[in-house]
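Contents: one structure, followed by commentary.
Number of protein chains: 2
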Amino acid sequence: MSMDTNQQVLEKLKTDLAQAGTMPLYLCFNESVRQAMEAGILQDGDFLPSERQFTEILGISRITVRKALARLEEDGHIGRSRGYGTFIKKATDARLAYSLAGVKGFSREVMLQGRKPDTLWISRDQVPASALIASKLAIIENTPVYMLKRIHYIDTRPMSVAVSYVIMDAIRDVEEIGVSLYDYFGRNNIELGALQSRVSAAMSDAENLKALQLKEAMPLLIIKQTLFDGQNRPIEYSESFCRSDMYEFVSED
Amino acid sequence: MSMDTNQQVLEKLKTDLAQAGTMPLYLCFNESVRQAMEAGILQDGDFLPSERQFTEILGISRITVRKALARLEEDGHIGRSRGYGTFIKKATDARLAYSLAGVKGFSREVMLQGRKPDTLWISRDQVPASALIASKLAIIENTPVYMLKRIHYIDTRPMSVAVSYVIMDAIRDVEEIGVSLYDYFGRNNIELGALQSRVSAAMSDAENLKALQLKEAMPLLIIKQTLFDGQNRPIEYSESFCRSDMYEFVSED
């Protein structure tokens with residue numbers, strides 16, 4: 001990292017820490033570094049000041065610095081290199097912490113974390129509901145539903161493969177759905193209600209391997225979700241297969 | 001399945017379905033079969049009546065029967081065998097649907113599903129908190145904490161390996177903790193508050209392979225949880241490594 005960047009980061013941290021109020025210092029430190037990343041002050045591969053510089057220039061304890069760095073490392077924002085210190089990881093190397101609370105959908109979830117979502121559509125078909133899909137959507141078996149297959153990207157990297165089954169009533173024109181299905185529901189004034197999620201894991205199969213451009217098999221996180229509308233009717237059942245090195249699911253209760 | 005069992009199940013279903021009220025019939029059917037399993041009327045490997053018997057004797061539609069069977073199969077309670085029909089799976093083959101809502105802990109979660117939890121203790125040590133643990137428990141690095149390692153069982157089968165870091169204040173005598181840490185907190189009048197969960201996945205490593213008695217590597221679900229007390233102070237941070245063929249995590253929002 002250049003001396004300029006170094007100074008900019010330390011100055012930003014100094015200002016932010018002075019305004020921490022009742023917020024624990026290490027969390028304030030953490031947030032400040034993340035803001036510096038979003039603002040482009042810190043970029044991929046930039047080295048952070050040393051632990052010693054942080055403590056001396058900012059006048060905070062080594063414990064605070066270590067806690068903050070441990071948290072940034074855990075969240076995938078920084079890496080450590082023996083002998084060279086701590087560096088900013090490429091945004092695409094950070095895990096997506098996907099919240100199970102609040103119905104946001106992939107695209108909004110990604111944007112909230114300051115990253116760029118994209119969607120590659122594979123197919124948008126009408127199919128008869130299988131027994132399982134009918135049970136999930138509370139409809140009669142063989143009722144036609146939309147089956148929507150797509151690959152979710154962050155920047156240019158495939159993150160997950162999703163297949164959604166949606167009741168016909170919830171979609172007027174299947175070709176109008178853009179990057180985000182949930183945004184489409186919003187534009188069509190469909191009120192979103194509860195979301196049930198089940199998270200499991202399994203090895204990738206040949207189909208997912210190809211869709212996710214994996215060189216070799218890896219564990220995938222599988223999330224199965226049922227989305228209800230405001231009147232508590234199920235409108236979508238989806239199964240997503242997510243790279244385990246790029247995702248984690250987060251809940252709070 | 002013997003004719004007797006067959007009749008018992010159909011009679012139970014008939015009675016239960018007649019009292020379904022506003023509950024969808026397939027859910028009532030599902031619940032009735034689960035009760036028959038818990039009561040021992042249906043046992044491991046027992047075959048269920050045929051789809052035709054169900055519809056004719058119970059006077060319900062084929063769609064309802066199929067929906068109910070699809071749901072039971074999805075939950076791991078029944079299996080299908082071509083040419084022989086549908087059979088009850090061993091309880092230990094069913095996946096544990098572990099709820100992220102409500103702070104129950106492994107043992108209570110298992111008991112609620114009518115199965116028998118057990119715990120094999122590996123170690124109960126005092127260790128200095130690492131930077132990560134200190135950050136999670138909002139304490140100063142190197143403060144002593146309890147590190148509790150154990151293997152969780154259902155019946156005689158190892159399901160997951162858990163390591164918990166607990167603040168000293170929350171444990172009076174570490175040897176008094178029995179099968180359930182959360183029950184111990186309860187006996188010590190520790191009020192439990194929020195629970196934060198992060199679910200990820202990775203391949204088993206050599207240590208987990210041995211602890212879980214796996215013959216070969218498999219994907220594990222990893223759940224990292226921070227438990228807070230009634231005053232919103234973190235008291236426990238845990239990491240559990242769970243067999244992906246035996247677990248799923250469930251949330252509703």
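Going line by line, the protein sequences match chains P and E. Under UniProt numbering, the residue at position 240 of the first sequence is numbered 240, and the numbers go up by one with no gaps. Under UniProt numbering, the residue at position 109 of the second sequence is numbered 109, and the numbers go up by one with no gaps. Where is the CB? At the ideal position from N, CA and C, for every residue including glycine.
Please list the partners that residue i has in chain P, where partner means a Cβ-to-Cβ separation under 9 Å.
{"i": "I63(E)", "result": "A131, A134, I140, E141, N142"}
List the residues of chain E whose Cβ lies closer than 7 Å to the Cβ of residue i, in chain order.
{"i": "E29(P)", "result": "Strictly speaking, residue 29(P) in this sequence is Phe, with Glu absent from that position. Chain E residues near F29(P): none, gap ~11 Å exceeds 7 Å."}
Mind listing the chain E neighbours of residue i? Cutoff is C-beta to C-beta under 8 Å, in chain order.
{"i": "S200(P)", "result": "R95, L221, S244, Y247, E248, F249"}
{"i": "E207(P)", "result": "Chain E residues near E207(P): none, gap ~17 Å exceeds 8 Å."}
{"i": "E252(P)", "result": "A194, L195, Q196, S197"}
I believe residue i touches residue j by the beta-carbon criterion, under 8 Å. Please report the beta-carbon distance rounded to the nearest angstrom.
{"i": "V166(E)", "j": "E236(E)", "result": "5 Å"}
{"i": "L132(E)", "j": "I57(E)", "result": "Not really, about 59 Å apart at Cβ, beyond 8 Å."}
{"i": "T86(E)", "j": "R95(E)", "result": "T86(E) to R95(E), Cβ: 18 Å. No contact."}
{"i": "F249(P)", "j": "V199(E)", "result": "4 Å"}
{"i": "L195(P)", "j": "D253(E)", "result": "5 Å"}
{"i": "E109(E)", "j": "S99(E)", "result": "7 Å"}
{"i": "A206(E)", "j": "V161(E)", "result": "A206(E) to V161(E), Cβ: 12 Å. No contact."}
{"i": "I177(P)", "j": "R115(P)", "result": "The Cβ separation is near 21 Å, so there is no contact."}
Measuring only between beta-carbons, confirm whether residue i sits less than 8 Å from chain P.
{"i": "G102(E)", "result": "yes"}
{"i": "M147(E)", "result": "no"}
{"i": "M1(E)", "result": "Confidence is the limiting factor: at M1(E) the pLDDT is only 47, short of 50, which leaves the residue's position unreliable, though a coordinate-based value still follows. Taking Cβ atoms only, chain P never reaches closer than 8 Å to M1(E), which makes this a no."}
Using a C-beta cutoff of 8 Å, does residue i count as contacting chain E?
{"i": "L195(P)", "result": "yes"}
{"i": "Y26(P)", "result": "yes"}
How would you list, in chain order, the residues of chain P whose beta-carbon sits under 7 Å from the beta-carbon of residue i?
{"i": "Y182(E)", "result": "Within chain P, no residue comes near Y182(E); the closest Cβ sits about 14 Å away, beyond 7 Å."}
{"i": "M203(E)", "result": "P219"}
Alpha carbon to alpha carbon, how far is residue j from residue i? Give it in angstroms, no decimals.
{"i": "K149(P)", "j": "Y84(E)", "result": "34 Å"}
{"i": "L25(P)", "j": "A36(E)", "result": "56 Å"}
{"i": "D202(P)", "j": "V65(E)", "result": "It is Ala, not Asp, that sits at residue 202(P) in the sequence shown. The straight-line gap from Cα to Cα measures roughly 29 Å."}
{"i": "L27(E)", "j": "D4(E)", "result": "24 Å"}
{"i": "D16(P)", "j": "L42(P)", "result": "16 Å"}
{"i": "I140(P)", "j": "R62(E)", "result": "10 Å"}
{"i": "A70(E)", "j": "F241(E)", "result": "29 Å"}
{"i": "M111(E)", "j": "D118(E)", "result": "10 Å"}
{"i": "L192(E)", "j": "V103(E)", "result": "8 Å"}
{"i": "N189(P)", "j": "Q225(P)", "result": "21 Å"}
{"i": "D173(P)", "j": "S164(P)", "result": "15 Å"}
{"i": "P234(E)", "j": "D169(E)", "result": "11 Å"}
{"i": "G230(E)", "j": "Q213(E)", "result": "38 Å"}
{"i": "G76(P)", "j": "M23(E)", "result": "46 Å"}
{"i": "M1(P)", "j": "L72(E)", "result": "Here M1(P) scores only 47 on pLDDT, less than 50, and its place in the model should not be relied on; the value that follows carries that caveat. Computed Cα separation, rounded: 58 Å."}
{"i": "P219(P)", "j": "R157(P)", "result": "17 Å"}
{"i": "S32(P)", "j": "L13(P)", "result": "6 Å"}
{"i": "N232(E)", "j": "H152(P)", "result": "36 Å"}
{"i": "D46(P)", "j": "N208(P)", "result": "34 Å"}
{"i": "P49(P)", "j": "G59(P)", "result": "14 Å"}
Taking 7 Å as the cut-off, is the C-beta of residue i nearer than that to any heavy atom in the ligand FMN?
{"i": "N142(E)", "result": "Absent from the structure shown: the ligand FMN. Ligands present: none."}
Chain P contacts from the segment 41–75 of chain E (Cβ-Cβ distance under 7 Å):
I63, R66, K67, A70, R71, E74
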